[in-house]
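A quick write-up on the structure given underneath.
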Amino acid sequence: MRSPTFDINSLKIAIVHDWLVGYAGGEMVTEQILHMFPRADLFSLVDFVPEHNRGILVGRTPRTSFIQKLPFARTRYRTYLPFMPYATEQFDLSNYDLIISSNLAVTHGVLTSAEQLHLCYFNNTMIYAWDLYQHYLKVGGLTRGLRSLVAKAIMHYIRIWDTSTAHRADRFIANSAYMGRRLMKQYGRESTVIFPPVDVERFALHPNKEEYYVVVARLVPFKRIDIVVEAFKRMPDRKLIIVGGGPDLEKLSQGAKGNIEFVGQVNLDRVNEYVKCARALIQPSVEPFGISVIEAQATGTPIIAYRGAASPEIVKEGKTGVFFERREAGALVKAVQEFEEIEADFDPLVLRAHAAEFSTEKFRERFLGFVKSEAEQHFCRDYEASEAESLQVKRRWDSPELTVEDDGRE
């Protein structure tokens with residue numbers, strides 16, 4: 001029985017992440033959670049974080065799954081997706097009071113007991129098994145043949161496991177209202193929205209812009225960078241810089257005009273340089289949040305974004321950016337023209353102030369407050385229930401009308 005004076009630091013805490021291989025949005029969330037709970041243990045299916053970037057683990061050595069030792073796991077860990085549900089369930093979390101999962105795919109499915117509290121932060125769901133299932137089949141050439149049947153069977157199994165584990169977490173936290181809607185549709189679960197942390201202070205305000213537009217993205221099909229390339233083919237008098245690498249690099253660069261420059265994958269400092277000097281950052285993809293969009297606004301760079309997913313939550317129309325309604329080159333061309341008509345109205349200070357609402361400090365404040373509230377309710381209720389039961393028994397025994405027959409014994 002716990003004391004009614006609740007102290008979250010008295011709990012034994014486990015933090016679970018899907019895979020630790022780089023430093024993107026999910027890793028940013030996990031890093032901040034590790035800072036908030038310095039005594040927590042860290043679990044991950046694999047840990048291949050480069051040595052120069054291991055500071056994001058905040059001194060922790062992750063406990064990994066058997067996938068860590070499988071052949072080619074360092075570079076092809078995603079191919080072991082069929083084993084990830086099973087591997088997730090093998091983590092022994094039985095000695096922990098509080099489990100916090102930072103979910104990209106499967107960590108919401110860890111096994112816990114009724115006495116434990118499991119809070120799951122959704123950075124993303126398995127979009128390749130749900131929203132973009134048909135798209136991935138087409139792109140991977142898996143619409144026909146034996147390989148197609150195998151891929152479809154695996155995704156069917158993944159979806160069954162995914163939905164069957166929807167109630168393993170006690171509470172869901174969504175990184176945007178858009179993600180919250182996906183969780184309701186996919187799992188039938190309500191969620192609390194807490195925007196992920198963005199290191200706004202790392203980005204200096206830069207009001208002086210140069211004559212180019214910029215895209216920052218991994219070059220994969222669902223990001224729809226092809227729309228941007230086609231749009232700027234139609235606008236040869238406007239320069240576009242595309243920052244990022246990926247399997248679509250060669251395909252996208254073929255036939256690109258001289259006004260379109262591919263700089264490949266570069267370090268974060270160079271990314272910042274490209275973004276802060278751009279006239280606007282273009283966001284054509286459907287993102288559950290979009291950290292790069294906030295980073296751009298922190299430098300005073302406006303946004304031209306597809307009006308979908310979380311974009312309306314993180315971009316103020318007419319104040320920090322403009323939207324295009326359809327993911328088509330023509331719609332983007334029109335949006336660029338509309339942007340240029342009001343470009344002078346965008347105030348870098350307004351952009352910066354808006355970005356500050358998504359800061360690391362705001363995330364810590366909101367996330368820690370949520371965790372403390374949920375933990376107090378969960379771990380103090382047993383104490384309160386026991387107190388109420390004890391008081392009821394005491395009153396019963398103190399009653400002068402109590403007889404031998406009344407106590408339930410023969």
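Numbering-wise, the sequence shown is residues 1 to 410 according to the working numbering. The beta-carbon is built from N, C-alpha and C at its ideal position, and this holds for glycine as well.
By the beta-carbon neighbour count (other beta carbons within 10 angstroms, threshold 16), Asn267 is exposed. Excluding the 5 residues flanking it on each side, Ile303 has same chain C-beta neighbours closer than 7 Å at Ala280, Leu281, Gln283, Val293, Ala296, Gln297, Val315, Thr320 and Gly321, in chain order. Contact annotation: Phe172 and Phe91 have beta-carbon atoms that are not nearer than 8 Å.
C-alpha of Ser253 to C-alpha of Ser102: approximately 35 Å in a straight line. A direct Cα-Cα distance of roughly 18 Å separates Leu183 from Pro85.
Closest option to Phe43, judged by alpha-carbon separation, among Asp226, Phe37, Leu20 and Gln32: Leu20. When C-alpha distances from Cys120 are compared across Val150, Leu98 and Arg147, the shortest belongs to Leu98. Distance from the CA atom of Tyr80 to the CA atom of Gly145, rounded to whole angstroms, is 21 Å.
Beyond the five residues adjoining it in sequence on each side, Ile67 comes within less than 8 Å, by CB distance, of Leu45, Val46, Ala73, Tyr77, Tyr80, Phe83, Met84 and Ala87 in the same chain, given in chain order. Tyr157 sits exposed, since fewer than 16 C-beta atoms from the chains shown fall within 10 Å of its C-beta. Looking at the DSSP output, Glu261 shares a beta bridge with Ile241. Excluding residues up to 5 positions away in sequence, Ile99, Thr112, Ala169 and Asp170 lie with their Cβ nearer than 6 Å to the Cβ of His118 in the same chain. C-alpha of Thr64 to C-alpha of Phe6: approximately 31 Å in a straight line.
When only Cα atoms are considered, Thr163 and Val16 end up about 19 Å apart. Just measuring C-alpha positions, the residue of Leu332, Thr301 and Ala355 sitting nearest Glu313 is Ala355. Boundaries of the alpha helix (DSSP H) around Leu332: Ala329 to Ile342. Secondary structure at Thr301: coil, using DSSP grouped into helix, strand and coil. Taking Ile227 as the centre and dropping the five residues before and after it, the same chain places the C-beta of Pro284, Arg327, Glu328, Ala329 and Leu332 closer than 8 Å to its C-beta, in chain order. DSSP places His17 within a strand segment (E or B) once states are collapsed to three. Selection Glu89, Ser94 and Leu149 evaluated against Thr107 yields Glu89 as nearest (Cα-Cα).
Apart from the 5 residues on each side of it in sequence, Glu325 sits with its Cβ closer than 7 Å to the Cβ of Arg307 and Ala331 in its chain, given in chain order.
In the structure shown, Cys120 adopts extended strand secondary structure according to DSSP, grouped into three states. According to DSSP, residue pairing for Gly321 in a beta bridge involves Ile303 and Glu317. Beyond the five residues adjoining it in sequence on each side, Arg218 comes within less than 8 Å, by CB distance, of Gly244, Gly245 and Gly246 in the same chain, given in chain order.
Taking C-beta separations shorter than 8 Å and ignoring five residues to either side along the sequence, the partners of Leu249 in its chain run Leu219, Phe262 and Gly264, following chain order. In terms of Cβ geometry, Val29 and Pro288 do not form a close pair [threshold 8 Å]. Met126 and Met155 have their C-alpha atoms roughly 10 Å apart. For Ala105, no beta strand (DSSP E) run applies, since DSSP gives it neither H nor E. Straight-line measurement puts the Cα of Gly290 at about 35 Å from the Cα of Phe379. Taking C-beta atoms as the reference points, Pro348 and Gly318 fail to come closer than 8 Å. In the three-state DSSP reduction, Thr125 falls in the coil class, being neither helix nor strand. In the displayed model, Val216 falls within a strand according to three-state DSSP.
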